[in-house]
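Trainee: Protein chains in written order, with my numbering: chain A, 62 to 374; chain B, 438 to 682.
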Amino acid sequence: MKNHSTLKKPAINLHAQQKVTGKWHYKSYTVVRKIGQGAIGSVYLCMYNGRPVALKMSEQDAAVTVEVNVLKALKKVQGYRLGPSLLDVDDWTAPNGRVYSFYVMEYMEGQTLGSFIQARGKKWLGVLMVQLLEDLEQLHQAGWTFGDLKTDNILVESNPPRIRLVDVGGTTRMGRSIKEYTEFFDRGYWNLGTRKAEPSYDLFAVAMVFLHIYYPRRFERMTGEPSEKLLEKKLYRAKDLQLLHPILRKALKGKYQTATEMKTDAMDKIKQVQRRRSQYRIKIQQKKTYPVKESLSISLVASVFWIISLLLP
Amino acid sequence: MNAGTLKQILLLTDGCSNKGEDPAIVASLANQQGITVNVIGILDDDQTEQPEGLQEVEDIAVSGGGVSQIVYSERLSQTVQMVTRQAMTQTLQGFVNKELRSILGKDQSMEELDPEKRGEIMEVVEDLGETSDLEVVVLVDSSASMRDKLETVKEALFDLSMSLNARVGKNRFCIYRFPGRRSDIDLVLDWSPRLDGISKVFPKLTSGGITPTGPALRAAMYQFSKKQLRRNSDEEPFDIEETGY
Ligand SMILES: Nc1ncnc2c1ncn2[C@@H]1O[C@H](COP(=O)(O)OP(=O)(O)OP(=O)(O)O)[C@@H](O)[C@H]1O
Ligand SMILES: [Mg+2]
């Protein structure tokens, strides 16, 4: 999509090996490759003093400045890493003579949530949901709504697997109007709530993120069919999510006021499954003399393990 | 801090004007009156090349001090709200820049400040964008070629009102279509704080091949109350004294 206002600078594209030197702080970054491109500029992997960093540059100065402000504010949330840490903010005079704003942040190595689950299996669903809700809990307590929460903006670092949120472009102060969103994950699009920044806005998106893993091509709202019914149907068909259904359903309906409530439910679910597992172990020991029943209970145990595997590492 | 009312005309069209005065000239007139003119050019989903007529889209927005975007109808909803917001930020930045120039000298603008100061000013601009009241006259091209797009336009406008109504500031919208049956524009929906009601009133009928964009813009301009226009062209609607810049 091209922007046609002449007040806007032309979009900029950096190539590998290109050097970007800041106009104010004189730090020099060497481009390795483009990591991603979105509504607001592009993110590049760069090297700085032999260290990998992520550099975001855009022709929309205002948007860059707004994101930097959010990252600065998140830095002040002590003792908790929310979003990438901010390393530098500067301007660069491009070969075309125009000045572009950019910022440099910690490079986060990881897979997106979708590809992580694909590679490592659905047994990670529960744990990652709890981690995600923990991060949101901190963010909300600091007075912010993440806003543009979507599968692409959730990275999973490995060893140990840990969720990290990227792209604070949509991150909005509580009580204000959501700055940036993506339709599929936006409750407003589904006509299931407002675009006011509040915890339940993010929690709706959390549920959509988990649905998205099983509908990678997404789906659209339908005229004539209430979204609530449609989402319910889609949820029902995503069998891998079965154990999480009650939680996801509640989030879609806006029934959770805080991330803590949703996290508690998710943790209870995990505990409940663990408890059932130990009960079945006892049963196996008691029924050892009945070969038929034994095989039956073994298959029961197997299926319980399968269910547990949906929730646990 | 006291935020005034931002005034915008949002023009949605799929082609080039072919009757009456030059729309770019009308747009610059509107801009002088404190109104921002934004234009969205809608392409058919199967259209691969940009039709020549859509150059006009950019020209109108540039003279109207606004933002323009050419977009496929499937992306209309997100574009409409993005364009409206960008234009608000742009207008507010314009005010701030003017203020900076009066304090720091002729060549000062936000871009020349170091990133640290720019960040602080941007906070102020964002605050203003969230709290200012906003009035939008939506002007929908309803010439024959738009027939298949009106449903999408309706959805996009509904969506726009949802986004803007999540703001702290108040909003007022009205919708006109052009060409009108007997005049340049016909009222579709009178000033209203939200656009929920548009489903019923949105026009199904489309007219023939004339697209009098210029006259329609002029008529749209008059929908902002005359009294307000005069006041705003004389004085700054924003009180940014307290920012300290
Ligand atoms: N600090 C980082 N480390 C590693 N990868 C990153 C980092 N920041 C962003 N990315 C990757 O780059 C992609 C694009 O970045 P980002 O989402 O910030 O751009 P955007 O222009 O705001 O896009 P969007 O359309 O999602 O708003 C992200 O989806 C993410 O995968
Ligand atoms: Mg973004």
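All C-beta atoms, glycine included, are put in the ideal place defined by N, C-alpha and C.
Just how far apart, CA to CA, sit GLN79 (chain A) and VAL191 (chain A)?
Mentor: On the first sequence, position 18 is the one that residue 79 (chain A) refers to. On the first sequence, position 130 is the one that residue 191 (chain A) refers to. In a straight line, the C-alpha of GLN79 (chain A) is about 41 Å away from that of VAL191 (chain A).
Trainee: What residue from A:PRO277, A:ILE96, A:ASN157 and A:LYS88 has the CA that sits closest to ASN110 (chain A)'s CA?
Mentor: Walking along the first sequence from the start, residue 110 (chain A) turns up at place 49. Per the Cα distances, A:LYS88.
Trainee: Relative to the C-alpha of GLY204 (chain A), which candidate in A:LYS316, A:ARG298, A:ARG237 and A:VAL267 has its C-alpha closest?
Mentor: The sequence position of residue 204 (chain A) within the first sequence is 143, counting from 1. Selected option, being the one with the closest Cα: A:ARG237.
Trainee: Classify VAL160 (chain A): buried if its beta carbon has 16 or more other beta carbons within 10 angstroms, exposed otherwise.
Mentor: Locating residue 160 (chain A) in the first sequence gives position 99, counting from the first residue. Per the 10 Å Cβ criterion, exposed.
Trainee: At a CB-CB cut-off below 9 Å, which residues of chain A make contact with VAL575 (chain B)?
Mentor: On the second sequence, residue 575 (chain B) is found 138 positions in, with the first residue counted as 1. The premise fails here: VAL575 (chain B) is roughly 19 Å from chain A at the closest Cβ pair, so nothing lies under 9 Å.
Trainee: For LYS117 (chain A) and GLY102 (chain A), I'd like the C-alpha separation in whole angstroms.
Mentor: By 1-based counting over the first sequence, the position of residue 117 (chain A) is 56. By 1-based counting over the first sequence, the position of residue 102 (chain A) is 41. Answer to the nearest angstrom: the Cα atoms are 7 Å apart.
Trainee: Confirm the yes/no value for this check: CB of THR173 (chain A), any heavy atom of ligand 1, distance under 7 Å.
Mentor: One-based indexing of the first sequence puts residue 173 (chain A) at position 112. Yes, since a heavy atom of ligand 1 falls inside the 7 Å radius drawn around the Cβ of THR173 (chain A).
Trainee: What is the rounded straight-line gap between the Cα of TYR682 (chain B) and the Cα of VAL533 (chain B)?
Mentor: Against the second sequence, residue 682 (chain B) aligns to sequence position 245. Against the second sequence, residue 533 (chain B) aligns to sequence position 96. Residue confidence is low: TYR682 (chain B) scores 35 on pLDDT, short of 50, so the model does not pin down where it sits. Its coordinate-derived value is still stated next. Going from the Cα of TYR682 (chain B) to the Cα of VAL533 (chain B) covers about 9 Å.
Trainee: Determine the chain B residues that contact THR82 (chain A) at a beta-carbon separation under 9 Å, and present them in chain order.
Mentor: For the purposes of this step, residue 82 (chain A) is taken as the residue at position 21 of the first sequence. Ordered by position in chain B, no residue passes the 9 Å Cβ test against THR82 (chain A), which lies about 15 Å from the chain.
Trainee: Compare the Cα-Cα distances from GLY556 (chain B) to each of B:GLN530, B:ASP578, B:ILE540 and B:VAL575 and report the closest residue.
Mentor: Locating residue 556 (chain B) in the second sequence gives position 119, counting from the first residue. Checking every option, the nearest Cα to that of GLY556 (chain B) belongs to B:GLN530.
Trainee: What does the alpha-carbon distance come out to for the pair MET108 (chain A) and GLY175 (chain A)?
Mentor: Walking along the first sequence from the start, residue 108 (chain A) turns up at place 47. Walking along the first sequence from the start, residue 175 (chain A) turns up at place 114. Their Cα atoms are separated by approximately 27 Å.
Trainee: Please decide whether GLN530 (chain B) counts as near chain A, where near means a Cβ-Cβ distance under 8 Å.
Mentor: Counted from its first residue, the second sequence places residue 530 (chain B) at position 93. Yes, its Cβ sits closer than 8 Å to a Cβ of chain A.
Trainee: Tell me where the beta strand (DSSP E) around SER89 (chain A) begins and ends.
Mentor: Residue mapping note: residue 89 (chain A) aligns to position 28 of the first sequence, counting from 1. Segment 89–98, the beta strand (DSSP E) holding SER89 (chain A).
Trainee: Give the DSSP-derived three-state secondary structure of GLY432 (chain B) in the structure shown.
Mentor: There is simply no residue 432 (chain B) to check, as chain B begins at 438 and stops at 682 in what is shown.
Trainee: Quick check on the contact list: which residues have their beta carbon closer than 5 Å to a heavy atom of ligand 1?
Mentor: In chain order, the qualifying residues are A:ILE96, A:GLY97, A:GLY99, A:ALA100, A:ILE101, A:VAL104, A:ALA115, A:PRO145, A:MET166, A:TYR168, A:MET169, A:ASP213, A:VAL227, A:ASP228 and A:GLY230.
Trainee: Under the DSSP definition of a beta bridge, which residues are partnered with ALA115 (chain A)?
Mentor: Stepping through the first sequence from its first residue, residue 115 (chain A) is reached at position 54. DSSP lists A:LEU106 and A:MET166 as partners of ALA115 (chain A).
Trainee: The beta strand (DSSP E) spanning ARG225 (chain A) covers which residue range?
Mentor: As a position in the first sequence, residue 225 (chain A) is number 164, starting the count at 1. Per DSSP, ARG225 (chain A) belongs to the beta strand (DSSP E) from 223–226.
Trainee: Verify the CB distance criterion: does THR521 (chain B) have a CB-CB separation below 8 Å to chain A?
Mentor: Reading the second sequence from its first residue, position 84 is the one you call residue 521 (chain B). No, THR521 (chain B) does not count as interfacial toward chain A.
Trainee: Nearest-angstrom Cα distance between ASP578 (chain B) and GLU592 (chain B)?
Mentor: As a first step, residue 578 (chain B) is located in the second sequence; it is residue number 141 there, counting from the start. As a first step, residue 592 (chain B) is located in the second sequence; it is residue number 155 there, counting from the start. About 15 Å.
Trainee: Counting along the chain, where does the alpha helix (DSSP H) carrying LEU186 (chain A) start and finish?
Mentor: Taking the first residue of the first sequence as position 1, residue 186 (chain A) is located at position 125. Start and end: 186–202.
Trainee: Quick check on the burial criterion: 16 or more other C-beta atoms within 10 angstroms. Buried or exposed for PHE675 (chain B)?
Mentor: Here the question's residue 675 (chain B) lines up with position 238 in the second sequence. Only weak support exists for where PHE675 (chain B) lies, its pLDDT of 43 falling under 50; the coordinates are left without a value.
Trainee: Between which two residues does the beta strand (DSSP E) containing ASN608 (chain B) stretch?
Mentor: Along the second sequence, read from residue 1 onward, the residue named residue 608 (chain B) stands at position 171. Start and end: 608–615.
Trainee: How is the alpha helix (DSSP H) around ASN468 (chain B) delimited, first residue to last?
Mentor: Numbered from its first residue, the second sequence carries residue 468 (chain B) at position 31. ASN468 (chain B) -> alpha helix (DSSP H) spans 460–469.
Trainee: What's the gap between the Cα of LEU226 (chain A) and the Cα of MET323 (chain A)?
Mentor: For the purposes of this step, residue 226 (chain A) is taken as residue 165 along the first sequence, with counting starting at 1. For the purposes of this step, residue 323 (chain A) is taken as residue 262 along the first sequence, with counting starting at 1. Each residue's alpha carbon lies about 18 Å from the other.
Trainee: Taking the straight line between their C-alpha atoms, what separation do you get for VAL131 (chain A) and ALA581 (chain B)?
Mentor: Stepping through the first sequence from its first residue, residue 131 (chain A) is reached at position 70. Stepping through the second sequence from its first residue, residue 581 (chain B) is reached at position 144. The straight-line gap from Cα to Cα measures roughly 46 Å.
Trainee: So, with DSSP's three-state summary, where would you put LEU448 (chain B)?
Mentor: Numbered from its first residue, the second sequence carries residue 448 (chain B) at position 11. Reduced to three states, the DSSP call for LEU448 (chain B) is strand.
Trainee: Could you spell out the range, first to last residue, of the alpha helix (DSSP H) harbouring LYS535 (chain B)?
Mentor: Numbered from its first residue, the second sequence carries residue 535 (chain B) at position 98. Run containing LYS535 (chain B): 513–541, per the alpha helix (DSSP H) assignment.
Trainee: Using 8 Å as the threshold, is the C-beta distance between ILE612 (chain B) and VAL562 (chain B) below it?
Mentor: As a working note, residue 612 (chain B) is residue 175 in the second sequence. As a working note, residue 562 (chain B) is residue 125 in the second sequence. Cβ distance not < 8 Å, so ILE612 (chain B) and VAL562 (chain B) don't count as in contact.
Trainee: Less than 8 Å between CB atoms is the rule here; does ILE96 (chain A) satisfy it with respect to chain B?
Mentor: In the first sequence, the residue the question calls residue 96 (chain A) occupies position 35. With 8 Å as the cut-off, ILE96 (chain A) does not count as an interface residue toward chain B.
Trainee: Within the continuous alpha helix (DSSP H) that includes GLU218 (chain A), where are the two ends?
Mentor: Numbered from 1 along the first sequence, position 157 holds the residue referred to as residue 218 (chain A). Segment 215–218 is the beta strand (DSSP E) holding GLU218 (chain A); no alpha helix (DSSP H) there.
Trainee: Rounded to a whole number of angstroms, what is the C-alpha to C-alpha distance between ASP27 (chain A) and PHE610 (chain B)?
Mentor: Here chain A has residues from 62 to 374 only, and residue 27 (chain A) is not among them.
Trainee: Give me whichever residues DSSP pairs with VAL150 (chain A) in a beta bridge.
Mentor: For the purposes of this step, residue 150 (chain A) is taken as the residue at position 89 of the first sequence. A:TYR164.
Trainee: Alpha carbon to alpha carbon, how far is LYS354 (chain A) from ARG342 (chain A)?
Mentor: As a working note, residue 354 (chain A) is residue 293 in the first sequence. As a working note, residue 342 (chain A) is residue 281 in the first sequence. Reliability of the predicted coordinates at LYS354 (chain A) is poor, the pLDDT of 49 falling under 50, and no value is obtained from them.
Trainee: Quick check on DSSP: helix, strand or coil for VAL573 (chain B)?
Mentor: Mapped onto the second sequence, residue 573 (chain B) falls at position 136. Strand, per DSSP.
Trainee: Can you tell me which of the three DSSP states THR319 (chain A) falls into?
Mentor: As a first step, residue 319 (chain A) is located in the first sequence; it is residue number 258 there, counting from the start. Coil, per DSSP.
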